[in-house]
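Chains as they are written, first to last, in numbering that gives the first Met the number 0: chain A, 0 to 345; chain B, 0 to 345. Below is one structure; the comments refer to it alone.
Number of protein chains: 2
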Amino acid sequence: MAERLEEASNKQVILRDYVNGFPKESDFEVRTSKVRLNVAEGSKSVVVKNLYLSCDPYMRSRMRNLTGSYVPPFTPGSPITGNGVARVIDSGHPNFKKGDLVWGLTGWEEYSLLTEPETLFKIEHTDVPLSYYTGILGMPGLTAYAGFYEVGSPKEGEYVFISAASGAVGQLVGQFAKLKNCYVVGSAGSKEKVDLLKNKFGFDEAFNYKDEQDLDKALKRCFPDGIDIYFENVGGKMLDAVLLNMKLHGRIPVCGMISQYNLEETEGVHNLFCLITQRIRMEGFLVFDYYPMYPKYLDMVLPLIREGKIKYVEDIADGLENAPKALIGLFSGRNIGKQVVLVARE
Amino acid sequence: MAERLEEASNKQVILRDYVNGFPKESDFEVRTSKVRLNVAEGSKSVVVKNLYLSCDPYMRSRMRNLTGSYVPPFTPGSPITGNGVARVIDSGHPNFKKGDLVWGLTGWEEYSLLTEPETLFKIEHTDVPLSYYTGILGMPGLTAYAGFYEVGSPKEGEYVFISAASGAVGQLVGQFAKLKNCYVVGSAGSKEKVDLLKNKFGFDEAFNYKDEQDLDKALKRCFPDGIDIYFENVGGKMLDAVLLNMKLHGRIPVCGMISQYNLEETEGVHNLFCLITQRIRMEGFLVFDYYPMYPKYLDMVLPLIREGKIKYVEDIADGLENAPKALIGLFSGRNIGKQVVLVARE
Numbered sequence: 000m001a002e003r004l005e006e007a008s009n010k011q012v013i014l015r016d017y018v019n020g021f022p023k024e025s026d027f028e029v030r031t032s033k034v035r036l037n038v039a040e041g042s043k044s045v046v047v048k049n050l051y052l053s054c055d056p057y058m059r060s061r062m063r064n065l066t067g068s069y070v071p072p073f074t075p076g077s078p079i080t081g082n083g084v085a086r087v088i089d090s091g092h093p094n095f096k097k098g099d100l101v102w103g104l105t106g107w108e109e110y111s112l113l114t115e116p117e118t119l120f121k122i123e124h125t126d127v128p129l130s131y132y133t134g135i136l137g138m139p140g141l142t143a144y145a146g147f148y149e150v151g152s153p154k155e156g157e158y159v160f161i162s163a164a165s166g167a168v169g170q171l172v173g174q175f176a177k178l179k180n181c182y183v184v185g186s187a188g189s190k191e192k193v194d195l196l197k198n199k200f201g202f203d204e205a206f207n208y209k210d211e212q213d214l215d216k217a218l219k220r221c222f223p224d225g226i227d228i229y230f231e232n233v234g235g236k237m238l239d240a241v242l243l244n245m246k247l248h249g250r251i252p253v254c255g256m257i258s259q260y261n262l263e264e265t266e267g268v269h270n271l272f273c274l275i276t277q278r279i280r281m282e283g284f285l286v287f288d289y290y291p292m293y294p295k296y297l298d299m300v301l302p303l304i305r306e307g308k309i310k311y312v313e314d315i316a317d318g319l320e321n322a323p324k325a326l327i328g329l330f331s332g333r334n335i336g337k338q339v340v341l342v343a344r345e
Numbered sequence: 000m001a002e003r004l005e006e007a008s009n010k011q012v013i014l015r016d017y018v019n020g021f022p023k024e025s026d027f028e029v030r031t032s033k034v035r036l037n038v039a040e041g042s043k044s045v046v047v048k049n050l051y052l053s054c055d056p057y058m059r060s061r062m063r064n065l066t067g068s069y070v071p072p073f074t075p076g077s078p079i080t081g082n083g084v085a086r087v088i089d090s091g092h093p094n095f096k097k098g099d100l101v102w103g104l105t106g107w108e109e110y111s112l113l114t115e116p117e118t119l120f121k122i123e124h125t126d127v128p129l130s131y132y133t134g135i136l137g138m139p140g141l142t143a144y145a146g147f148y149e150v151g152s153p154k155e156g157e158y159v160f161i162s163a164a165s166g167a168v169g170q171l172v173g174q175f176a177k178l179k180n181c182y183v184v185g186s187a188g189s190k191e192k193v194d195l196l197k198n199k200f201g202f203d204e205a206f207n208y209k210d211e212q213d214l215d216k217a218l219k220r221c222f223p224d225g226i227d228i229y230f231e232n233v234g235g236k237m238l239d240a241v242l243l244n245m246k247l248h249g250r251i252p253v254c255g256m257i258s259q260y261n262l263e264e265t266e267g268v269h270n271l272f273c274l275i276t277q278r279i280r281m282e283g284f285l286v287f288d289y290y291p292m293y294p295k296y297l298d299m300v301l302p303l304i305r306e307g308k309i310k311y312v313e314d315i316a317d318g319l320e321n322a323p324k325a326l327i328g329l330f331s332g333r334n335i336g337k338q339v340v341l342v343a344r345e
């Protein structure tokens with residue numbers, strides 16, 4: 000009976016208000032409140048202890064007061080939410096019991112009461128780092144898999160270009176493409192990231208887009224015969240340059256457009272006529288549509304991780320105090336690899 | 000033997016030089032030269048008498064000195080070329096004999112020596128107007144068919160929007176969509192065209208884009224629940240407005256972008272992020288890839304024409320002297336329906 004009253008202090012990351020332009024650390028506040036650590040009698044909720052939180056570019060759209068989008072906006076004054084890895088500490092839901100490890104939508108706080116536990120995935124494989132379930136074994140991993148294989152329709156030996164290539168999704172797409180014997184080039188925003196692409200992830204070529212006066216020329220240098228698949232993460236000028244360099248019947252899976260997320264007015268894209276001349280298929284996708292493929296994806300990727308055939312780089316920020324800085328760092332490219340926040344070591 | 004020396008005067012439409020901005024009548028010259036009306040001994044060419052010529056928006060790209068595109072530029076100082084209907088008057092090719100009616104690439108002149116007759120289609124059905132082989136029974140017809148059925152992947156009852164809807168391709172796409180029980184709305188550039196869409200072609204709704212202050216609002220008025228298929232003929236601002244109004248998993252077959260063809264710098268398209276949120280497939284296509292489907296298309300469309308289930312409106316300019324005006328009229332929307340040039344009544 001004592002357990003029913005158990006409370007703890009709960010550090011939380013709060014969005015102060017909706018954000019225009021580039022988000023700043025001061026748009027967030029880290030504060031501490033109290034939380035009840037057990038679920039109410041008869042409730043089907045669970046209470047979890049958060050271990051890792053995922054910083055994802057799509058979260059920028061939730062910092063706007065934009066209803067009707069595919070994800071609802073954050074609530075100013077409340078802790079933000081996102082994907083994370085957590086341990087169940089109390090459960091009123093038949094699918095979950097105390098001690099279970101899960102990943103899915105949780106709060107940016109030490110403990111969360113989750114009222115829709117049906118949306119959580121139970122973690123069955125713990126011989127790999129738990130943080131991987133925020134990335135390669137979670138939403139970004141499935142994003143890379145669905146976007147490349149399902150939307151990109153790759154064929155052996157094709158020419159593949161990936162922007163934001165060292166990020167959580169890009170690094171995986173590049174390696175999936177290499178496993179398909181494609182010629183793979185990535186762009187990123189620093190020498191360190193370019194080195195990572197070439198030396199760690201096995202890309203055939205990579206360039207720092209900030210060093211290129213002319214993106215069209217950079218692409219022509221890397222792809223003298225053109226691009227079959229452009230895995231689109233950034234939008235804007237890069238997309239315009241890529242459109243000039245696509246091969247006949249090329250495909251552009253559109254995963255994100257991070258270069259545009261903080262602009263009051265987005266850059267215009269001018270070269271869409273190339274869609275006609277080159278018969279290009281450009282297709283946007285959201286990972287949510289592909290969750291039914293998750294078990295199949297795990298079956299594919301877990302052995303590749305265990306055998307060292309896929310490399311995976313994370314950038315782990317330590318502690319909720321550092322979470323706002325980690326999150327906003329995505330938009331200046333501060334992170335090297337998948338950005339994660341470590342909330343608690345067990 | 001006398002026939003081997005037969006010559007005739009040959010009126011021709013010449014492009015003076017490559018064109019910047021909107022083409023003008025003075026960019027063309029109509030002049031008369033001589034032509035030999037029989038093919039040389041041993042040649043596999045044919046000589047044809049041109050009856051109808053087709054004015055098509057894609058021809059604008061051939062007025063630029065732009066090599067490497069999907070069609071080569073016109074040669075200044077020479078007659079321009081395009082699709083037309085013609086009668087064979089001499090043939091060195093085993094597939095064609097004197098008297099055959101054909102459609103395909105020919106010159107803008109009274110008589111043409113065609114050195115690649117393999118590319119011509121023989122006209123087998125003459126119970127329909129011959130001019131139709133420049134449109135509904137030719138390249139624009141197959142364009143509408145392939146773009147709507149193959150690229151658009153329509154389902155019964157879907158919501159379809161067509162820009163430049165009274166043109167050669169648009170009027171057919173709209174009627175194909177009605178045959179598929181879709182809800183069909185078209186945009187066009189005059190009251191007369193809007194009336195045609197609603198009263199002749201059976202569109203459910205239509206609007207004059209020039210009368211709309213806000214295209215987004217016009218689309219929301221016509222499609223309160225959004226658009227499943229946007230058949231894209233114009234690009235630019237219309238595309239940007241449509242992107243804000245697409246339904247989940249919508250499709251945008253990209254057939255043309257006529258609003259952009261005469262601009263020195265194209266308008267930027269700003270709302271491509273909607274491709275992601277709505278999981279839209281946007282796909283460019285060229286009719287050339289679908290020519291193998293032409294017999295199948297004829298089998299479908301000929302009965303529809305004969306039974307009056309498809310209406311077809313042409314705007315026929317009389318004589319090669321009026322051909323330049325007819326061609327450039329496409330870009331100001333002067334034509335009502337498919338623009339054709341009548342070269343000769345037989």
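The beta carbon of each residue, even a glycine, is placed where N, CA and C say it ideally should be. What you are looking at is a predicted structure, and each value in this text was computed from that prediction instead of being measured.
Query: Segments assigned alpha helix (DSSP H), at least 4 residues, entirely inside the region 123-186 of chain A; Result: 138-144 and 167-178
Query: Inter-stretch contact at 8 Å, needing at least 3 Cβ pairs: the region 12-22 of chain B / the region 283-302 of chain B; Result: no
Query: CB contact check: Gln277(A) to chain B, cutoff 9 Å; Result: yes
Query: DSSP state of Tyr260(B) mapped onto helix, strand, coil; Result: coil
Query: Test: Val168(B) CB closer than 9 Å to a CB of chain A; Result: no
Query: Below-9 Å beta-carbon distance, Met0(B) vs any chain A residue; Result: Confidence is the limiting factor: at Met0(B) the pLDDT is only 43, short of 50, which leaves the residue's position unreliable, though a coordinate-based value still follows. It does not; no Cβ of chain A falls within 9 Å.
Query: Asn347(A) to Leu341(A) span [Cα, whole Å]; Result: The structure shown does not extend to residue 347(A), since chain A is modelled only from 0 to 345, so the question has no answer here.
Query: Residues from the region 281-298 of chain B in contact with chain A, defined by Cβ distance under 7 Å; Result: Met281, Glu282, Gly283, Phe284, Leu285 and Asp288
Query: Minimum Cβ-Cβ distance from Tyr69(A) to chain B less than 9 Å; Result: yes
Query: Neighbour flag for Ser181(A) against chain B, beta carbons, 9 Å; Result: Here residue 181(A) turns out to be Cys, not Ser, going by the sequence shown. It does not: the Cβ of Cys181(A) has no partner Cβ on chain B nearer than 9 Å.
Query: Complete runs of the alpha helix (DSSP H) confined to the region 217-262 of chain B [at least 4 residues]; Result: 235-242
Query: Close Cβ partners of Leu301(A) (< 8 Å) along its chain, the five nearest in sequence each way excluded; Result: His124, Val127 and Leu136
Query: Cross-chain neighbours of Gly267(B) in chain A, by beta carbon under 9 Å; Result: Asp239, Thr265, Glu266, Gly267, Val268 and His269
Query: Rounded Cβ spacing between Gly151(B) and Pro252(B) (contact assumed at less than 8 Å); Result: 5 Å
Query: For Asn82(A): DSSP bridge partner residues; Result: Leu104(A)
Query: Lys337(B) classed as buried or exposed, judged by whether at least 16 other C-beta atoms fall within 10 angstroms; Result: buried
Query: Beta-carbon neighbours of Gln259(A), restricted to chain B and to distances below 8 Å; Result: Phe272
Query: Environment of Tyr346(B) [buried if 16+ CB atoms lie within 10 Å]; Result: An answer regarding residue 346(B) cannot be provided, because it is not within the stretch 0 to 345 covered by chain B.
Query: For Thr31(A), the three-state DSSP class (helix, strand or coil); Result: strand
Query: For Arg59(B), three-class secondary structure by DSSP; Result: helix
Query: DSSP three-state assignment for Lys43(B), whether helix, strand or coil; Result: coil
Query: Amino acids of chain A, ordered along the chain, whose beta-carbon sits closer than 8 Å to that of Met256(B); Result: Leu271, Phe272 and Ile275
Query: Among Asn261(A), Phe200(A), Glu266(A) and Val172(A), nearest to Gly307(A) - alpha-carbon criterion; Result: Phe200(A)
Query: Simplified DSSP state of Leu14(A), which is helix, strand or coil; Result: strand
Query: Residue span of the alpha helix (DSSP H) that contains Tyr110(A), given as start and end; Result: Careful: Tyr110(A) lies outside any alpha helix (DSSP H), inside the beta strand (DSSP E) at Tyr110 to Leu113.
Query: Ala7(A) - partner residues in DSSP beta bridges; Result: Val34(A)
Query: Contact between the region 43-51 of chain B and the region 84-100 of chain B (3+ Cβ pairs under 8 Å); Result: yes
Query: Proximity test, Cβ basis, 9 Å: Gly234(B) and chain A; Result: yes
Query: Within chain B, partners of Val84(A) - CB distance below 8 Å; Result: Those within 8 Å of Val84(A) in chain B number zero; the least Cβ separation is about 25 Å.
Query: Asn37(B), buried or exposed, once every other Cβ within 10 Å from all chains shown has been counted against 16; Result: buried
Query: Outcome for Met0(B) when other beta-carbon atoms lying within 10 angstroms are tallied against a minimum of 16; Result: Only weak support is given to the placement of Met0(B): the predicted model assigns it a pLDDT of 43, under 50, and the question is left unresolved by the model.
Query: Range covered by the beta strand (DSSP E) that runs through Leu341(A); Result: Lys337 to Leu341
Query: Cβ-based burial, Gly156(A) [other Cβ within 10 Å; buried from 16]; Result: exposed
Query: Spatially closest choice to Thr31(A) from Gly41(A), Ser8(A) and Asp16(A), by CA coordinates; Result: Ser8(A)
Query: Buried versus exposed call for Arg220(A) [16 or more other C-beta atoms within 10 Å across all chains shown]; Result: exposed
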